[in-house]
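For the sequence shown, the positions run 80 to 201 when our numbering is used. Glycine included, each C-beta is placed from N, C-alpha and C at the ideal position. Since the structure is predicted, the reported quantities are computational estimates derived from the model, not experimental observations. Read the structure below first, then the notes.
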Amino acid sequence: MPPQDETNALHLISDILDKLIDSQTASTEANTGLKESIDDMNDTLKAMHSHFTNGFRAELKSHVTTELEEIKENLSINTSKTKELCNTLMKPSFWVKLVATIVGSLAILIIGGIKLIEALGG
């Protein structure tokens, strides 16, 4: 091979090797960045897992239990009031008092109206 051809071949091989080295360097940097991202994500997932399996689950259970107890208590109170109202409505004395109150109120209104008419025109 003539010396010029050998020089050209060596330059060509050198260029190819430089490009391979650059490519390998870029690939290594990308893999390192990817590994760091994966490690960060794994750390985040571990922290989330720890949070959800320890404190959060207990906190959520406690909150739900408290809310359900409050709902149960309110429901019990409302049920009691509803039963009391139904019992009151079922008593004949309630209706007698109600009718008497209505009749008394009507009587007062009628008497007041009659007195007003007498006072105005009489």
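Is DSSP giving residue i helix, strand or coil here?
i       : result
Gly-200 : coil
Lys-170 : coil
I'd like to check one pair, residue j with residue i: are the Cβ atoms closer than 8 Å?
i       : j       : result
Thr-180 : Phe-173 : no
Rounded to the nearest angstrom, what separates residue i and residue j at their Cα positions?
i       : j       : result
Ile-189 : Lys-170 : 29 Å
His-142 : Thr-158 : 24 Å
Ile-196 : Ile-187 : 14 Å
Leu-87  : Asp-101 : According to the sequence provided, residue 87 is Asn. The question's Leu does not apply to it. So the two alpha carbons sit approximately 21 Å from each other.
Gly-191 : Lys-176 : 22 Å
Val-182 : Leu-164 : 23 Å
Phe-131 : Glu-138 : 10 Å
Lys-140 : Met-120 : 28 Å
Ile-150 : Lys-160 : 15 Å
Ile-193 : Leu-147 : 59 Å
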